[in-house]
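Numbering follows our numbering, in which position 549 of the sequence shown is assigned residue number 695; successive positions increment by one, without gaps.
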Amino acid sequence: ANRTFVDIGDIITYTISLQNTGTVSSTNIVLTDPIPNGTTFILNSVTIDGVSQPNSNPENGISIGTLNPNQAKTITFQVQVTSVPPNGLIENQGIVSFNHIVNPNEPPVTKTTPTPKTETQVGTVVTTPTKSVDKQVADIGDTITYTVTFTNNGTVPATNVVVTDPTPNGTIFVPNSVTIDGVSNPGSDPELGIQLGTISVGETKTITYQVVVTNLPPDGIIRNQASFTYQYQPNPSEPPVTTTTTTPSVNIPINNPNPTTTKSADRQIADIGDTITFTVTFQNRGTVPATNVIVKDTLPSGVSFIPGSVVVNGTSQIGENPEIGIPVGTVNPGQSITVTFQGVVNSIPPGGIIRNQANITFTYEPNRNEPPVTTTITTPETETAVNTATLNPQKTADRSFVALNDIITYTLSFQNTGTVPATNVTVMDSIPAGTISVPDSVTINDIPQPGTNPASGISLGTLAPSERATITFQVRVVNIPASGEIRNQGSVTFNYQPDPNLPPVTKTETTPETTTPIQTVVISPTKTSNLTFAEIGDIVTYTVTFTNQGTIPATGVTITDSLPPGTTFITDSVTVNTIPQPGVSPLTGISVGTVNPGETVTVTFQVQINAIPPNGKIENTAVVTYISQPDPSEPPITTTETTPTVTIPVRTANPNPQKTVDREFASIGDTLTYTITLQNTGNIPATNVIITDSIPTGTTFIPGSVTINGIPQPNLTPETGIPVGTLNPRQIVTVTLEVQVTALPPNGIISNEANVTYTSQPDPTLPPITTTTPTPIAETIVQNAELESTKTVDLSVANIGDVLTYTITLENIGNIPMTNVSVIDPPPVGTQFIVDSVTVNGISQPGIDPSIGISIG
């Protein structure tokens, strides 16, 4: 067999090998192999030497034919495991029958040989879980106990067993109700899964848990089914198998009328003497009849039952009284009844509201084997308001006088001194001239009312008799009305309904008027400048102007101005109302004194721009400080007002040219490399940037040596100009050029300076300007020693034996000393050097030989 371990459903392939090891042929060979217990033969699975044998069945015998000596054949067939055999082992053995001739003179001999026995272990879990319930029928509110069992009838343990059971519709799980084999298992919940661990072969686990019926499911039946998930290991050498099996479903009918009730009154508002019709409904939405249904309604204080007014389902019930109880009889499932009766309003009830509920008693039979159940349910409550209204509005302000920017708190109070509610109560209060509403300042009975505005209306809803309401809101004084006073009056509009058969009455009442005088200083300073755009070096004139638009003087008026970065105050530039103020500075404060109501003050001063501020803009405000005394009984108040910000963009371009040379010292023939670096340290572009550089005396420009940012510019020469184009803020451009030292300059120093010409537009409203800026001077000291020599002889014609005197003259025509100077002069052919004849500058040099060298030093 090809498998040692199997699970139910697995397929086993059996292989039988036959070989004739004898000396004569075996004929009529037939293999018979009974199908083992627990398996089923798989049709058409027989093969002989790999060739399918359709319709062959080993149980009926497989014809092999003849095997000659040493010949072999292989037969295979398959079975599927369908159940667990008695001992858990699938045992299989075949029988081979054949004929062979022992003596040719005798008939063939028939022989039977069994195959070796194979054994295959079946490893599986066999279970048929059960589920039961302790009730056949149930009622709403009943507790149901479910019991589920799991028995392992297999051959291997079931591990990691988990039972899961979703709580059925119409019920809730009872916490801590789970038991396992009678032992409480607190905290477990079947909906989340109950861990059972391992269930051994032959072991049974019993689990119970409870649910409470909370409502009637849609079809009136609680349906429930549990499932078990577990693992087992058919083959110890292979991973476990996970499987899930379910219990049968258990169904419990719920027997309950499941009634719903309503109650209504035809009047929400009534007057004394009015008739109210009350309507009670009872609907059976359940599964069993409600019998002996009785509607009872004890009418509240303020209303009396009208005899003979009872109607059941449209039929008058003379003699019935809801306070005693109105019998309705039986209400079957799906049926409903409607009961009406009337009462008359005869007095004002406590609180002015008639509140009424009915009680409905009925009997039903949840279980035929048990006594019927009688229960009582209560209808919803109805309310009818009983009835004139006046609100007596009052208004006060918390201040006797105010200054600008002060806040006034208004308080409006109301009390309903009537007998019926005032409904749709709306308070209107127009914001007085010279003030604005303080947002979210409205309160109703100390409760904030965000988003409410008294000018739009403040709704108080309904004010019951004797009920009080208090509204507060605030306004801020922002300007001075013509009268110099803040005058305010509110009003309240409301509805009430003396007669429910007539439209409601609308009434408006006004509050007394409040008057609050204004005492204040109003100064709103402005600030301007004479320039819209500026450049470094420009002078800016600032002008600060303000008028006292209030009702009292401003004293001790002072203007201060902390100058912005990048500027310097110009001494003695301050004027007050065009009068110069020498020695006065806005940094320390410009004193203006007293400014009376209606008076205007104008102050000017100047600053010079000396640097670009960090953000490229000069931003400046001035501060006006003054003293006022709105309330003579209180100390004066110091107030500070700030002008709007004046912003002047500072726009400048500065290429900031630098120039260096790569040699501090040079000799004739050396090459000098000049490097010119431009960086725009301004905040606007420098355009049309051109570098011109006159080649210094003693040098010659090396053609093709110009580079811009390392890129050769073979056709450019510095004397005609090197165009750089546009240099944006913070952009850097590096230009190099080379010259060769060709001669000693007059002072021995090669001095070189370049000029950078560029265009910029500090003021976008004006034409661009062109500027030329020189670079620093780059200097190179030329060090050169140049020898000029002459040689003469005292005779132009000589005879043998004559003495010739040679004179050699040396001169250093350079600008640095020559050292280690030596003269070598071998005697010419035909002459002989005269020993000790050498002189240097007239001084004899004994022992010196010109052919060896005369050291000059």
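The C-beta atom is built at its ideal place from N, Cα and C for all residues, glycine as well.
Please return the same chain residues whose Cβ sits closer than 8 Å to the Cβ of residue i, not counting the five positions on each side in sequence.
i, result
"Thr-767", "Lys-673, Asp-707, Thr-788, Thr-789, Pro-790, Thr-791 and Val-792"
"Ala-284", "Ile-290, Val-359, Ile-368, Ile-398, Pro-399, Ile-400, Asn-401 and Pro-512"
"Asn-216", "Gln-165, Asn-166 and Thr-167"
"Val-320", "Thr-289, Tyr-355, Gln-356, Val-357 and Val-358"
"Tyr-642", "Asn-533, Thr-534, Ala-535, Gly-564, Val-566, Pro-567, Ala-568, Thr-569, Pro-650, Val-651 and Lys-653"
"Asp-104", "Not covered by the structure: residue 104. The range shown for the chain is 147 to 1003."
"Phe-451", "Leu-445, Asn-467, Pro-468, Glu-469, Phe-487, Gln-488 and Gly-489"
Leaving out five residues on either side along the sequence, give the residues of the same chain with a beta carbon under 7 Å from the beta carbon of residue i.
i, result
"Pro-710", "Pro-759, Ile-764, Glu-765 and Asn-766"
"Thr-880", "Thr-821, Thr-823 and Asn-855"
"Ser-897", "Pro-842, Ile-923 and Glu-925"
"Arg-149", "Asp-156, Ile-158 and Thr-266"
"Asn-826", "Ala-799, Asn-800, Pro-801, Ala-832, Leu-873, Asn-874, Pro-875, Arg-876 and Gln-877"
"Asn-438", "Phe-508 and Thr-509"
With H, G and I counted as helix, E and B as strand and the rest as coil, what does DSSP make of residue i?
i, result
"Gly-497", "helix"
"Gly-419", "coil"
"Asn-766", "strand"
"Leu-235", "strand"
"Asp-365", "coil"
"Gly-343", "strand"
"Asn-163", "This sequence places Ser at residue 163; Asn is not what is there. Ser-163 falls in the strand class under three-state DSSP."
"Val-902", "strand"
"Phe-374", "strand"
"Val-458", "strand"
"Pro-858", "strand"
"Arg-622", "strand"
"Asn-216", "coil"
"Asn-174", "strand"
"Gln-929", "coil"
"Gln-595", "coil"
"Asn-397", "strand"
"Gly-744", "coil"
"Ser-463", "At residue 463 the sequence reads Gln, which differs from the Ser that was named. Coil."
Out of curiosity, what's the CA-to-CA distance linking residue i and residue j?
i, j, result
"Ile-794", "Ala-680", "7 Å"
"Val-192", "Thr-393", "39 Å"
"Ala-601", "Pro-650", "25 Å"
"Ala-504", "Glu-349", "59 Å"
"Thr-666", "Asp-592", "31 Å"
"Ile-422", "Gln-561", "29 Å"
"Ile-836", "Val-870", "6 Å"
"Thr-888", "Ser-1001", "30 Å"
"Pro-776", "Ile-698", "8 Å"
"Thr-427", "Asp-420", "23 Å"
"Pro-891", "Val-986", "32 Å"
"Asp-153", "Gly-333", "36 Å"
"Gly-947", "Ile-848", "59 Å"
"Thr-806", "Thr-785", "60 Å"
"Asn-322", "Pro-495", "50 Å"
"Ser-559", "Asp-586", "19 Å"
"Ala-436", "Asn-478", "6 Å"
Would you give the residue range spanned by the beta strand (DSSP E) that residue i belongs to?
i, result
"Ala-568", "568 to 574"
"Val-439", "436 to 442"
"Ser-719", "Counting along the chain, Ser-719 falls outside any beta strand (DSSP E), and DSSP gives it neither H nor E."
"Glu-884", "878 to 887"
"Lys-351", "350 to 359"
"Phe-847", "845 to 847"
"Arg-633", "631 to 634"
What distance in whole Å lies between the Cβ atoms of residue j and residue i, which are believed to be in contact at a cut-off of 8 Å?
i, j, result
"Gly-564", "Thr-536", "5 Å"
"Asp-443", "Pro-468", "4 Å"
"Thr-589", "Thr-618", "5 Å"
"Thr-259", "Thr-305", "Wrong, their Cβ atoms sit about 44 Å apart, outside the cutoff."
"Val-584", "Gln-620", "4 Å"
For residue i, I'd like the list of residues in its chain whose CB is within less than 6 Å of its CB, leaving aside the five on either flank, ordered along the chain.
i, result
"Ile-157", "Gln-224 and Gln-226"
"Pro-200", "Asn-190"
"Pro-996", "Asp-971"
"Ile-415", "Ala-531, Gln-643 and Pro-646"
"Ser-455", "Phe-487 and Gln-488"
"Thr-916", "Thr-905"
Hey, does residue i have any beta-carbon neighbour from chain B nearer than 8 Å?
i, result
"Gln-804", "The chain inventory of the structure shown lacks chain B, comprising one protein chain alone."
Just to confirm, does residue i get its C-beta within under 7 Å of one of the non-hydrogen atoms of the ligand FAD?
i, result
"Asn-502", "No copy of the ligand FAD occurs in the structure displayed, which carries no ligand at all."
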